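Numbers in our numbering are just positions in the sequence shown, counted from 1, shifted up by 629.
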Amino acid sequence: MTAVGIDAIEIWTGKLKLDLAETFAPEKGEDPEKYTKGLGLHASSFPDAHEDIVTMGANAAKRLMDRKGLTPDDIGRIDVATESAFDNSKPVSTYIAGCLEQVYDGDFHHANKGERKFACIAGTQSLDDAYNWIKAGRNRGRSALVVATDTALYARGDPGEATQGAGAVAMLISEDPSLVELSTDQGYGSADETDFLKPNQQFPSVDGKRSMQVYLARMREALEDYESVAGASHPDDFAYIPFHTPFPGMVRKAGLLGYRHMIRNTTVEEELAEEIGLQPREEDYEDREAYEEAIRDHMDDLKSTAEYREWYGEVIEPTLSIARQVGNWYTGSVHIARASALKSAAEAGLDLADKRLLVGSYGSGAQAEIHAETVQDGWKDEIEQLNVDDQIDSRYDLSFEEYENVHDRHNHDKTIEMEDFTVPEEEFVFTGRGRMNERLYDYVA
Ligand code: HMG
């Protein structure tokens, strides 16, 4: 059976940076460690005046196409995942294709284009669509381009303001992929929830604390559903577990929950029992409340054990390095977590070929999805092509007042003139609006 999966990945971060400890915390009268230690975030990326979800997506896609030597004829579908679309009819994928057609010979007239929303779930569903399309033999030898692009803004003063971010991830889905092979081992946890939503409004209505509980509940359901297909999972089964990362502190909670679930009834649980006792079993408690309190106490003990800390340091921590510097990218978030993990393995000189990843996507509203992937032989050469560290380091560092202007500039209800902070070079830029209020783009050589 031919392997199908992610052949290449490129990342484009918004070119501006808000430093949370140095710039944001003092204005909010908060201890910087609330952000750096509590949420686990150091900075957020923002788009410059000439950037938006289309330019970031098109710039990531162009880097990918140039690097792989692709022309439009090689691409049979373009799927965009976003929660920040500015057009309720014309999909962002058509804008991105229009940008790319400015710089390549040929066109995407015979490529199937679409758009999905649902945070990370949307990016992952787009990967699935591409996988199914290729597996069904409907691709005519062509690859699929999946672009996850978002400008994740919250209303100013909302607790979510600390978790903003902006950037795009472009992925090429092909036969015989270089990076990871996708699989049919997959599970879902899904329910009608109103924890975070944007009913025809740009900034989310969000119940932050509840959204965290919903994330964990759906993730647990998805893991159970995954195991019903793939069999019981064990913490040692996976080299890395990249999660949707709204902020690393969320993943800290998800990682602990996942570990507790996976070690239940294993020798790891038995060995740890000498130190912290066995996990509480619901049947031993009078009511649910008493059981949950016992579980909370047990998890506090579990997270301080050497075994757990070592596992977390190896399997989860490396997935968080990019997110710590850029914030939440909604649809792109799990894909930068995967990239962080692979990048860190390459930097550490690890041999990952044939090792497995367990990938946990999530979108508010709400759904979690968990699936397994297998790292391919070409992973190292591929991941070493990323220049994300250079991009992160060269962002313009905003003052708080500049940040407020940038936030207003990207507020759809405001018309704010703002000079660029960075000089565009070899990239797509937003140039204004056309006769039908469409957004217009040029390529700056
Ligand atoms: P908050 O209320 O300002 O923060 O908002 P907090 O007081 O809960 O503090 C945060 C953490 O920092 C806590 O850690 C504190 O203890 C700690 P925890 O106890 O939870 O482990 N802390 C400190 N640590 C060290 N030193 C200190 C210190 N002070 C406090 N001095 C909240 C936090 C997440 C609620 C807010 O940022 C928010 O509303 N964010 C937006 C919603 C969100 O991200 N939800 C996540 C799950 S939903 C999701 O992932 C989907 C999403 O991507 C949407 C989508 O695309 O679909 C969001």
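Beta carbons are placed, not taken as given, at the ideal position from N, Cα and C, and that holds for glycine. Here the structure is a predicted model, which is why all the values come from computation and not from measurement.
Span separating the alpha-carbon of D913 from that of E900: Taking the CA atoms as reference points, D913 sits about 21 Å from E900.
Option nearest Q612 by Cα separation, candidates A714, G992, A690, D636: This structure leaves residue 612 out entirely; the chain is present only between 630 and 1074.
Three-way DSSP call (helix, strand, coil) for Y914 in this model: Under the three-state reduction of DSSP, Y914 is assigned to coil, being neither helix nor strand.
Nearest candidate by alpha-carbon position, reference M1065, set K719, A672, D636: Scanning K719, A672, D636 for the CA closest to the CA of M1065 turns up K719.
Any non-hydrogen atom of the ligand HMG closer than 8 Å to K882 Cβ: Yes.
Whole beta strand (DSSP E) elements within the region 711-765, 3-residue minimum: Taking only runs of at least 3 residues, the beta strand (DSSP E) segments lying wholly in the region 711-765 are 741-745.
Counted within 10 angstroms of its Cβ, other Cβ atoms place D734 as buried (16 or more) or exposed: A residue is called buried once 16 or more other Cβ atoms fall within 10 Å of its Cβ, and D734, having fewer, is exposed.
Residue interval of the beta strand (DSSP E) (run including L645): That run of the beta strand (DSSP E) goes 645-648.
Limits of the beta strand (DSSP E) - the one that W641 falls within: Following the DSSP letters along the chain, one finds W641 inside the beta strand (DSSP E) bounded by residues 633-642.
Environment of S834 [buried if 16+ CB atoms lie within 10 Å]: Burial call: exposed.
Exposure label - R1016; buried when at least 16 CB within 10 Å: The question names Arg, but residue 1016 is Asn in the sequence shown. By the beta-carbon neighbour count (other beta carbons within 10 angstroms, threshold 16), N1016 is exposed.
Sequence-distant residues of the same chain with beta carbon closer than 6 Å to Y844, five excluded per side: Excluding sequence neighbours, Y844 sits near Y991.
Three CB pairs or more closer than 8 Å across the region 1006-1013 and the region 970-978: Enough Cβ pairs lie closer than 8 Å, so yes.
Check whether V1004 and L811 have beta carbons under 9 Å apart: No, they are not a contact pair.
Distance CB(E1046)-CB(A799) smaller than 9 Å: In this structure, the beta-carbon distance from E1046 to A799 does not fall below 9 Å.
Short Cβ contact (9 Å threshold) for G686 with V709: At a Cβ-Cβ threshold of 9 Å, G686 and V709 count as neighbours.
C-alpha distance - T665 paired with E680, whole-angstrom precision: One C-alpha to the other measures close to 27 Å.
Whole runs of the alpha helix (DSSP H) within the region 924-997, excluding any shorter than 4 residues: Listed in chain order, they are 935-944, 950-955, 962-976.
Residue range of the beta strand (DSSP E) that includes A672: Taken as a continuous stretch (DSSP letters only), the beta strand (DSSP E) holding A672 covers 672-675.
Any non-hydrogen atom of the ligand HMG closer than 8 Å to D930 Cβ: Flag unset: Cβ of D930 not near the ligand HMG.
Neighbour-count burial assignment, V1035, 16 or more Cβ in a 10 Å radius: Buried, because 16 or more other Cβ atoms sit within 10 Å of the Cβ of V1035.
Alpha carbon of P877 to alpha carbon of G956, nearest angstrom: Going by C-alpha positions, P877 is about 9 Å away from G956.
Inter-stretch contact at 8 Å, needing at least 3 Cβ pairs: the region 812-826 / the region 769-777: The region 812-826 makes no contact with the region 769-777: fewer than 3 CB pairs, one atom from each, lie closer than 8 Å.
Where T823 falls: helix, strand or coil (DSSP): DSSP, reduced to helix, strand and coil, places T823 outside both helices and strands of the structure shown, so it counts as coil.
Meets three-Cβ-pair contact criterion under 8 Å: the region 692-706 and the region 653-661: Contact between the region 692-706 and the region 653-661 is absent, with fewer than three C-beta pairs closer than 8 Å.
beta-carbon Y855 near the ligand HMG non-hydrogen atom, thresh 8 Å: No.
Which listed residue (A859, S933, D824) has its alpha carbon closest to that of Q842: Checking every option, the nearest Cα to that of Q842 belongs to D824.
Integer-rounded CB distance, given that L774 should sit under 8 Å from A714: In this structure A714 is not in contact with L774, their Cβ atoms being roughly 17 Å apart against a cut-off of 8 Å.
Bridge partner(s) assigned by DSSP for G815: According to the sequence shown, residue 815 is Gln rather than Gly. Note: Q815 sits in a beta bridge opposite H1000.
Identified DSSP bridge partners for Y1070: Looking at the DSSP output, Y1070 sits in a beta bridge with F1059.
Buried versus exposed call for M630 [16 or more other C-beta atoms within 10 Å across all chains shown]: By the neighbour-count rule (16 or more Cβ atoms within 10 Å), M630 is not buried but exposed.
The beta strand (DSSP E) enclosing S803, as first and last residue numbers: Run containing S803: 794-804, per the beta strand (DSSP E) assignment.
S772 in three-state terms, based on DSSP: Three-state result, S772: strand.
Meets three-Cβ-pair contact criterion under 8 Å: the region 953-968 and the region 777-795: In short, these stretches touch, since the Cβ pair count reaches three.
Contact check, T684 vs E1056, beta carbons under 9 Å: Contact: yes.
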